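Peer 1: To start, I am sharing the structure in question, which I have written as structure tokens.
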Amino acid sequence: MTPLAPFPAVDTTGKTYDYVICGGGSAGCVLAARLSEDETATVLLIEGGHGDTPGMVSTPLRTIEIWHSDYDWGQSTVPQKHCHNRQIYWPRGKVIGGSSAMNGMIYVRGHAMDYDSWALAGCRGWDWANVLPYFRKSEDFDRGADAFHATGGPLRVTTDYTAHPVMDALIDAAVQAGIPYNPDYNGATLDGISRIQFNTRNGQRASTAAAFLAPARDRPNLTVLPGTRVEKVVIESGRVVGVTCRRGAERFDIGVGREAVLSSGTLESPRILMLSGIGPAAHLDGFGIAPVVDLPGVGQNLHDHTLLPMVFESRDDYPFPTDPALPPMQVHAFLRSHPSVVVPDTQPLFFSVPAYAPGFEGPMNAFTLHAAGLRPTSRGEIRLTGADINDPLHLDPNLLATDYDVQTLVTSMKQLREIVAQPALKDWVKGEVYPGPARNDDAALADYARAAVGSYHHQVGTCAMGVTAQSVVDPALRVYGVKGLRVADASVIPSVPSGNTNAPAIMIGEKAADMIRAAHA
Numbered sequence: 001m002t003p004l005a006p007f008p009a010v011d012t013t014g015k016t017y018d019y020v021i022c023g024g025g026s027a028g029c030v031l032a033a034r035l036s037e038d039e040t041a042t043v044l045l046i047e048g049g050h051g052d053t054p055g056m057v058s059t060p061l062r063t064i065e066i067w068h069s070d071y072d073w074g075q076s077t078v079p080q081k082h083c084h085n086r087q088i089y090w091p092r093g094k095v096i097g098g099s100s101a102m103n104g105m106i107y108v109r110g111h112a113m114d115y116d117s118w119a120l121a122g123c124r125g126w127d128w129a130n131v132l133p134y135f136r137k138s139e140d141f142d143r144g145a146d147a148f149h150a151t152g153g154p155l156r157v158t159t160d161y162t163a164h165p166v167m168d169a170l171i172d173a174a175v176q177a178g179i180p181y182n183p184d185y186n187g188a189t190l191d192g193i194s195r196i197q198f199n200t201r202n203g204q205r206a207s208t209a210a211a212f213l214a215p216a217r218d219r220p221n222l223t224v225l226p227g228t229r230v231e232k233v234v235i236e237s238g239r240v241v242g243v244t245c246r247r248g249a250e251r252f253d254i255g256v257g258r259e260a261v262l263s264s265g266t267l268e269s270p271r272i273l274m275l276s277g278i279g280p281a282a283h284l285d286g287f288g289i290a291p292v293v294d295l296p297g298v299g300q301n302l303h304d305h306t307l308l309p310m311v312f313e314s315r316d317d318y319p320f321p322t323d324p325a326l327p328p329m330q331v332h333a334f335l336r337s338h339p340s341v342v343v344p345d346t347q348p349l350f351f352s353v354p355a356y357a358p359g360f361e362g363p364m365n366a367f368t369l370h371a372a373g374l375r376p377t378s379r380g381e382i383r384l385t386g387a388d389i390n391d392p393l394h395l396d397p398n399l400l401a402t403d404y405d406v407q408t409l410v411t412s413m414k415q416l417r418e419i420v421a422q423p424a425l426k427d428w429v430k431g432e433v434y435p436g437p438a439r440n441d442d443a444a445l446a447d448y449a450r451a452a453v454g455s456y457h458h459q460v461g462t463c464a465m466g467v468t469a470q471s472v473v474d475p476a477l478r479v480y481g482v483k484g485l486r487v488a489d490a491s492v493i494p495s496v497p498s499g500n501t502n503a504p505a506i507m508i509g510e511k512a513a514d515m516i517r518a519a520h521a
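Quick note on the UniProt record's numbering: the sequence shown kicks off at 1 and runs consecutively.
Next up, the structure:
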């Protein structure tokens with residue numbers, strides 16, 4: 001796999017496309033590739049970020065370099081009142097492939113009950129039995145096909161690699177602490193400690209741009225337009241007939257023949273809806289945006305997995321990771337915060353490097369075990385601050401607003417301390433830097449959680465799929481009250497699944513493509 005070559009400049013003046021996909025991220029690249037398989041349909045993919053793939057994007061070890069670069073939209077939340085009024089940094093991919101081009105490449109589907117719960121809440125067709133074929137459709141699993149995995153798909157899943165030596169010690173320590181080793185958390189069971197399965201191929205990142213879009217880019221019916229932001233959809237007589245775009249100071253319209261699909265992600269898809277007059281009417285009125293459809297759920301239900309670093313100083317000769325084909329996180333676990341919990345609700349993530357929270361510092365000969373909450377009960381919102389696409393968004397996930405979310409992190413920290421105390425790590429650990437041994441009761445650990453918690457970068461829910469008054473799209477991902485408009489990305493997820501959200505977003509793209517093609521067969 002070679003880095004994606006830049007896409008050439010394209011003149012779309014006066015043109016109409018059957019399908020206009022607004023956002024070339026995890027789901028958008030999948031949609032573009034699948035919909036353009038129909039040679040009779042014209043497909044336009046519009047991406048607001050860069051259209052190339054530099055070395056820091058394609059090289060797994062260099063992932064952290066993308067943060068705060070020009071390939072990162074670099075969003076931040078408003079001050080979080082339950083987290084010592086800190087702003088939480090949210091990196092988002094400003095490049096073709098979206099956040100699949102800057103994430104940790106961790107391939108996780110989640111628990112079957114995640115999807116069964118969606119179906120039970122009214123999203124028929126989204127139960128585990130119905131979504132598993134779409135996970136398998138994408139997959140090229142390096143261990144071969146079985147009931148849970150497939151080969152031959154565009155998305156490589158890599159399990160065969162040599163991990164950093166501290167990772168092997170962490171697995172041994174977890175087993176000594178009574179946590180079972182799970183060789184395939186994307187298989188029959190989620191529970192246990194596991195080597196991470198990566199979306200890489202031949203030592204390079206397998207973003208959706210590299211995996212799905214690159215093989216399709218020369219199709220004559222597929223056009224890719226990078227460096228262009230979609231401001232709004234154009235609605236006439238209740239139907240989407242075009243999209244208004246912005247490239248620098250230039251503004252122009254592109255026609256939509258059959259459907260427009262918003263795939264701009266959890267932060268941008270609700271913004272486009274609201275700028276189009278689709279959202280909470282009173283909120284839109286406040287910015288002079290004429291309401292077209294009063295959908296109160298647009299921008300609501302914002303939630304995210306929590307990630308909290310615990311840093312441990314290691315020996316003086318601690319080896320730093322050097323393999324360019326591997327990111328620094330190579331092991332994670334799926335655990336339960338209490339025996340009564342039916343499915344895992346924590347996902348500790350292990351880094352072979354120190355990952356200090358902003359404002360914290362310490363030795364570099366260290367590694368990090370992240371406590372993590374999988375099933376947040378806190379909910380927040382996204383709001384406009386102005387009627388222009390460049391106005392900052394009001395991002396408020398309302399982190400740690402519930403006792404459950406705080407106590408889950410406290411329990412996760414205790415579980416990690418139990419792992420670190422095992423004999424397998426005695427030659428690796430000098431001492432605990434953060435939270436530090438002085439924080440030895442629940443109240444002190446809870447305070448550390450509020451002082452240092454960050455994001456797992458798994459924001460979902462702001463265009464939630466469902467059948468309630470707060471739902472934004474129906475189970476076919478069609479926006480309520482507008483014809484010819486769907487949303488297909490992580491924003492439609494009604495409740496976040498158990499684990500990293502890139503694989504579910506890809507699955508949503510696969511399933512959406514089939515639903516769209518069926519509607520226009």
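Glycine included, C-beta positions come from ideal geometry on N, C-alpha and C.
Since the structure is predicted, the reported quantities are computational estimates derived from the model, not experimental observations.
Quick one, which of 198, 371, 78 has its alpha-carbon nearest residue 397's?
Peer 2: Of the residues 198, 371, 78, the one whose Cα lies closest to the Cα of residue 397 is 78.
Peer 1: Would residue 270 be called buried (16 or more neighbouring beta carbons within 10 Å of its own) or exposed?
Peer 2: buried
Peer 1: Spatial neighbours of residue 278 within its chain, please: C-beta separation below 7 Å, excluding the five flanking residues on both sides.
Peer 2: 292, 293, 295, 298, 479, 482
Peer 1: Can you give the Cα-Cα distance for residue 80 and residue 13, rounded to whole angstroms?
Peer 2: 44 Å
Peer 1: If you drop the 5 nearest sequence neighbours on each side, which residues of the same chain put their C-beta closer than 7 Å to that of residue 392?
Peer 2: 385
Peer 1: So, at 6 Å on beta carbons, what are the nonlocal neighbours of residue 93 in its own chain, with the 5 sequence-adjacent residues on each side left out?
Peer 2: 99, 101, 102
Peer 1: Assign residue 124 to one of two classes, buried (16 or more other C-beta atoms within 10 Å of its C-beta) or exposed (fewer than that).
Peer 2: exposed
Peer 1: What is the rounded straight-line gap between the Cα of residue 147 and the Cα of residue 273?
Peer 2: 39 Å
Peer 1: Residues bridged to residue 309 by DSSP?
Peer 2: 370
Peer 1: Just list the beta strand (DSSP E) runs in the segment 294-358, keeping only unbroken ones of 3 residues or longer that don't cross its boundaries, in chain order.
Peer 2: 300-302, 306-313, 329-334, 349-351
Peer 1: According to DSSP, is residue 377 part of a helix, a strand, or is it coil?
Peer 2: coil
Peer 1: When the Cα atoms are used, what is the spatial distance from residue 31 to residue 454?
Peer 2: 31 Å
Peer 1: Answer yes if the segment 490-506 comes into contact with the segment 108-116, meaning at least three C-beta pairs across the two stretches below 8 Å, and no otherwise.
Peer 2: yes
Peer 1: Quick one, are the C-beta atoms of residue 432 and residue 177 less than 8 Å apart?
Peer 2: no
Peer 1: In whole angstroms, what is the alpha-carbon distance linking residue 216 and residue 133?
Peer 2: When the Cα atoms are used, residue 216 and residue 133 turn out to be separated by approximately 22 Å.
Peer 1: Here's a check: name, in chain order, each residue in its chain whose Cβ is nearer than 6 Å to the Cβ of residue 198, leaving out the five neighbours to either side.
Peer 2: 105, 158
Peer 1: Taking Cβ positions, are residue 329 and residue 349 nearer each other than 8 Å?
Peer 2: yes
Peer 1: In this structure, how does DSSP classify residue 364 when only helix, strand and coil are distinguished?
Peer 2: DSSP places residue 364 in coil when its eight states are reduced to three.
Peer 1: Three or more C-beta pairs under 8 Å: does that hold for the segment 128-143 against the segment 504-513?
Peer 2: yes
Peer 1: Counting only runs of 4+ residues fully inside the segment 173-210, write out the alpha helix (DSSP H) ranges in chain order.
Peer 2: DSSP runs (the alpha helix (DSSP H)) wholly in the segment 173-210: none.
Peer 1: Out of 382, 465, 424, 414, which has the shortest C-alpha to C-alpha gap to residue 338?
Peer 2: 414
Peer 1: With C-beta atoms as the reference, is residue 493 less than 8 Å away from residue 460?
Peer 2: Yes.
Peer 1: Residue 335 to residue 181, Cα distance in whole Å?
Peer 2: 12 Å
Peer 1: Which residue or residues does DSSP assign as beta-bridge partners of residue 142?
Peer 2: Per DSSP, none; premise fails for residue 142.
Peer 1: Is residue 26 closer than 8 Å to residue 208 when the C-beta atoms are compared?
Peer 2: The answer is yes: Cβ separation under 8 Å.
Peer 1: Which complete alpha helix (DSSP H) runs does the segment 14-57 hold, if anything under 4 residues is left out?
Peer 2: Within the segment 14-57, the complete alpha helix (DSSP H) runs of at least 4 residues are 26-35.
Peer 1: Measuring alpha carbon to alpha carbon, tell me which of 212, 232, 41, 90 ends up nearest residue 22.
Peer 2: 232
Peer 1: Measuring alpha carbon to alpha carbon, tell me which of 325, 366, 450 ends up nearest residue 407.
Peer 2: 450
Peer 1: In chain order, what residues of the same chain lie with their CB nearer than 8 Å to the CB of residue 434, ignoring the 5 residues before and after it?
Peer 2: 309, 310, 311, 356, 357, 360, 362, 448, 452, listed in sequence order.
Peer 1: Could you give the distance in angstroms between the alpha-carbon of residue 402 and the alpha-carbon of residue 6?
Peer 2: 46 Å
Peer 1: Which word fits residue 489, buried or exposed, when buried means at least 16 other C-beta atoms lie within 10 angstroms of its C-beta?
Peer 2: buried
Peer 1: Looking at the secondary structure, which residues open and close the beta strand (DSSP E) in which residue 232 lies?
Peer 2: 229-236
Peer 1: Along the alpha helix (DSSP H) that carries residue 244, what are the first and last residues, could you check?
Peer 2: Careful: residue 244 lies outside any alpha helix (DSSP H), inside the beta strand (DSSP E) at 239-247.
Peer 1: So what's residue 4 in DSSP terms, helix, strand or just coil?
Peer 2: In the three-state DSSP reduction, residue 4 falls in the coil class, being neither helix nor strand.
Peer 1: Near residue 229, what residues of its chain come up, given a Cβ to Cβ distance below 7 Å and the 5 sequence neighbours on each side ignored?
Peer 2: 48, 245, 246, 389
Peer 1: Can you round the beta-carbon distance between residue 72 and residue 54 to whole angstroms, since I take them to be within the 8 Å contact cut?
Peer 2: So it is not a contact: roughly 12 Å between Cβ atoms.
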